[in-house]
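Since the structure comes first, as structure tokens, the remarks are kept for the end.
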Amino acid sequence: MASPTTEPAEPGQVGRRRFLTYLVAAPTLTVATKLTADAVAPARAEAVVPTLPQPAEILDLGDVLTLSCAPTAGMLVLELTADGRARLQLPRAEVGQGITTATAMLVAEELDLPLDRVDVVLSDARTELLFNQLTGGSNTMRSLYDPVRATAATARARMVAAAGAQWGTDASRLSTRDGAVWAPDGRSASYGVLAGPAARSGLSVGAIRPKDESAHTLVGTPTSRKDARAMVTGRQVYTLDLDVPGANPVMVRRPPTINGAVTKVHNEAAVRAMPGIIDIAVVKTGVAVMAETFGQALDGKNALDVTWGPGTVDGENDETIKKKLRAAALPFVVPPLLTQYVDGEFDFAFASHAPMESNSAVADVREDSATIWAGLKSPIVAKQTIARELGLPENKVTVHVQQGGGSFGRRLFFDAALEAAHISKAMKKPVRLMWSRIDDMRHGRGRAASYHRIRATFALGQVLTFEHRVASVETDWSHGLGEILTAFAAKLPVGGNLSFAQTVFLLTVKSPYNFGVTTQLLNEVPLKFHTSAWRSVYSANTRGAEEIMVDEIAKKLGKDPVQFRREFIKEQRQRAVLDKVAELGEWGKKLPAGFAQGIAVHGEYKSYTACLVELDARDPKYPRVTKATIAVDVGKPVNPRGIQAQMLGGLTDAISTTLTAGLHIDKGLPLEGSYSQFHYARQKNSPTDVTVHVMPATGADIGGAGELGLPAPVGAIANAYARATGIKPRSFPITFPVDFDPFPR
Amino acid sequence: MPNYTFVVNGKTVTVDAPADLPMLWALRDKLKVRGPKYGCGINVCKACTSHLDGEAFNPCVTPVSECAGKEVTTIEGLADGDELHPVQEAWLEQDVAQCGYCQPGQIMAAVALLKKTKNPTDADIDAIQNVCRCGTYFRIREAIKSAAAKMA
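These protein sequence lines map, in sequence, to chains A and B.
No gaps in the numbering here: position 453 of the first sequence is 453 in this note's numbering, and each next residue is one more.
No gaps in the numbering here: position 59 of the second sequence is 1059 in this note's numbering, and each next residue is one more.
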């Protein structure tokens, strides 16, 4: 139960003083994870060949993450202050996905407190939370929905109990509204006034139960971001907007190939003499230059004359990688002897995460302590690693999590924070480290290139087998997820000698169709590029390619793509979102020559989506998605407006990576070095008509939304392209010339 | 080092900087005006978009010496005290921002567009090149149209 602590009140001091801090020892709600296959028993269409439940349908990655959070779920910190505000310390990273707003809504709902009196701040790294401070897998609302409600319900119950004790009224006769407790006779006491008495340890509190979901008035309503005003006025603070005393700008000269190391710096003295240069230090990752301004640090780093040792992938280019991927794809099991079949092969290029805020961190490392500020999705592992590498005890390292300017998987890794710590130690000064965009794109992380081979066999109008073999350049999972998987290995519905990557693949990728015997397998090529899970991890490419094949199977069977999907989809909720987009997007409507519709579905994170696009491919080299209709079912939409935003982001990611955005690799380095070369979509590439329909709550478990929106539009755009041009799309991005002069290395 | 005097958001300031220092770093590092963001440094992402004598400009490629004697407006100077510019209001209405990092530049680009083109077409809006990596483009488009209607 709750163990409130009271700070001694000083007369007349209110405002930011915290009168009551809850550290709920155990949430009243336990997180129930369905471990049986019953939950996914498919509503089978007649006569289709059913597919057995796949691992991800039994227990998906989000379930594992939620399980890993359960032991510490009761360690959330919610404070109530004397000025009548609530302040939740969120052990996650906000990078644009809207979780600070969504969790604030949960607190406001449960406390009957206006949303503008709820603050959500990002927790510093808290090692005692073990696995419960990793932001990934679209899992924040899945893992925190119940614990945040339980914690806020505890606070509300204590407010009611405190008011009841003051008035001599039974708590059951009291109600809460507008940040106050109300008695039947109209008396009221604000939470600000009650915050002190509610913290008394002797207080008798009745049963604590979060509100029934049917009583929610704020949760489930479209709500704007709490930080929107700060963002539109330029007051939102990102890592490099912090003013840490004495921390000067630092940039790093990096090697000409990935993971190359410094052999010799030839002109250090000359660069030190340049205007504004303060210090230079060689670190593992390159040569750090500190200056009065970033402009001067950049000039300094560019002026350095450095000899470099070899990197880890110096001999690699697009062709060598393609060859290795093809060789690594596991063989099909089913020979296409007695049945009809379709085969397809697909290539997806590397893709930069390219968040607008480039890799950055502030670090102040002293003899016996270190303080770090950065946008971090795995701050505990960051803290442990930094402590180890600096030779400091963990409790002497403080890691502040800053709101990030985008992530898309990038900030799972803390390489900037670690590098800044090393530079600060070497220079013996606090540092503000910023990666140049060119470095961010070439030496930062990206989605690994992948190759896909798919075969479906069919007879008598039924799909009998569906095999998908994925070969991918190794994705780095060393940010803490691997430890979670190891800790929960016994609970995973997969066995055998699987790598972390193969485990993640099997816990995330599933086919939504009854296609008979279905196998989806990943094999990795161990090439040491800088990679990280990219929004939707394996699913964008894997499911995207599958949705292309679904259209091609339908065509072979002479069926309409929507009719075919309706017939073979396993689950009613998946079918419902398909029907919704077909209706809202007017599937089958007549379009001028060169235009076409395309449709696809995706299910993951206990959520379902479908996307219908219209594509103008009159110029097949430069097609444009002109309209998109998306339907999304997350079981329990907390903030429909935020969910729509995430789906819009997924759509834009799909437009980009399907049509134009990728990295070419040449001699161990990406050629692309900025947004003029890595062609992420701009306004002129985005549709002028977008509808995102959020399905109402179904009573089902809450599903994830952050990464859900990407795979379906990948398939839909590619399918529209095929229908508009008659060209089968096989290599992505579809338009991918080296249409620029690469920056010098 | 030479001194350059100019007006930032209504305030006259003087900075001591080399002539070729990009204005972005004069603003961010010397004056601590942190609304304009670094995204590329070569005028292709446009995250730093601000106004110079009322026209959109990109401080990441504009030397500080070129701003001497001129009037610079950054996102911080767009609102009139607590009263937001109609474009900022429209951004709130459409809940445009996700990570928010590019939005100061997007807003300053939109304000510059609406100054010249009262009732922009989709093609006019397409001409804005600012990158939004969160992919909020459709909401940006809707916000610009909504602001145009309000400002008419």
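Backbone N, C-alpha and C define an ideal beta-carbon position, used for all residues, glycine too.
Here the structure is a predicted model, which means the values were calculated and not measured.
Around the beta-carbon of A:Lys425, 16 or more other beta-carbon atoms lie within 10 Å, marking it buried.
Between the region 655-665 of chain A and the region 729-737 of chain A, the count of C-beta pairs closer than 8 angstroms reaches three or more; the two stretches touch. Chain-order list of chain B residues neighbouring A:Ser686: Tyr1137, Phe1138, by C-beta distance under 7 angstroms. Residues of chain A whose Cβ lies closer than 8 angstroms to the Cβ of B:Val1013 do not exist; the shortest such Cβ separation is about 15 angstroms.
Exposure of B:Lys1032 is indicated by the presence of fewer than 16 other C-beta atoms within 10 angstroms of its C-beta. The shortest C-alpha to C-alpha distance from B:Asp1016 to any of B:Met1023, B:Pro1002, B:Val1008 is the one to B:Pro1002. Shortest Cα-Cα distance from A:Ser214 to any of A:Asp440, A:Ile386, A:Lys636, A:Ile599 involves A:Lys636.
Runs of the alpha helix (DSSP H) lying entirely within the region 681-745 of chain A, each at least 4 residues long, are 711-725 in chain order. Listed in chain order, the beta strand (DSSP E) elements of length 3 or more contained wholly in the region 186-218 of chain A are 188-190. In the displayed model, B:Gly1081 falls within coil according to three-state DSSP, outside both helix and strand. If you draw a straight line from the Cα of A:Ala161 to the Cα of A:Ser172, it is about 9 angstroms long.
CA-to-CA, the gap between A:Val381 and A:Asn132 works out to about 11 angstroms. For B:Leu1113, there are no neighbours in chain A by C-beta distance under 9 angstroms, as the nearest C-beta there is about 11 angstroms away. A:Ser536 and B:Phe1006 have their C-alpha atoms roughly 47 angstroms apart.
In the three-state reduction of the DSSP assignment, A:Asn132 falls in the coil class, being assigned neither a helical nor a strand state. If the five residues before and after A:Cys69 are omitted, its C-beta is found closer than 7 angstroms to the C-beta atoms of Phe131, Asn132, Ser143, all from its own chain and listed in chain order. C-alpha of A:Ile548 to C-alpha of A:Gly260: approximately 39 angstroms in a straight line. Looking at the backbone, the Cα of A:Pro197 and that of A:Pro114 are separated by about 21 angstroms. Between A:Val525 and the set A:Val64, A:Tyr451, A:Ala459, the nearest pair of CA atoms involves A:Tyr451. With respect to the 8 angstroms criterion, A:Leu648 and A:Val692 are classified as neighbours on the basis of their beta carbons.
Taking 8 angstroms as the cut-off, the beta carbon of A:Glu419 is found no closer than this to the beta carbon of A:Val306. Within the region 53-115 of chain A, the runs of beta strand (DSSP E) at least 3 residues long that lie entirely inside it are, in chain order, 77-81, 86-90. Across the structure, A:Leu522 and A:Asp364 are spaced so that their CA atoms are roughly 42 angstroms apart. Residue pairing by DSSP places A:Arg455 opposite A:Asp343, A:Glu467 in a beta bridge. At least 8 angstroms separates the beta-carbon of A:Trp435 from that of A:Gln402.
Just so you know, the alpha carbons of A:Gln597 and A:Thr154 end up roughly 51 angstroms apart. In the displayed model, A:Ser369 falls within coil according to three-state DSSP, outside both helix and strand. When the alpha-carbon of A:Thr169 is set against those of A:Ser676, A:Asp178, A:Gln677, A:Pro184, the nearest one is in A:Pro184. What B:Tyr1101 touches in chain A, judged by beta-carbon distance under 9 angstroms, is Gly96, Met231, Gln236, Tyr238, Pro355, Met356, Glu357, Gly404, Gly405, Gly406, going in chain order. By the Cβ rule, the region 1046-1054 of chain B counts as touching the region 1100-1108 of chain B, because three or more pairs are nearer than 8 angstroms.
Around the beta carbon of A:Ile727, fewer than 16 other beta carbons sit within 10 angstroms, so the residue counts as exposed.
Take B:Glu1142, set aside five residues on each side of it, and the residues of its chain with a beta-carbon closer than 6 angstroms to its own are Gln1094, in chain order. Between A:Leu376 and A:Arg411, the CB-CB gap stays under 8 angstroms. According to DSSP, A:His400 shares a beta bridge with A:Trp373.
It is roughly 45 angstroms from the alpha-carbon of A:His602 to the alpha-carbon of B:Thr1073.
A contact between stretches requires three or more CB pairs, one per stretch, nearer than 8 angstroms, and the region 439-456 of chain A meets this requirement with the region 464-483 of chain A.
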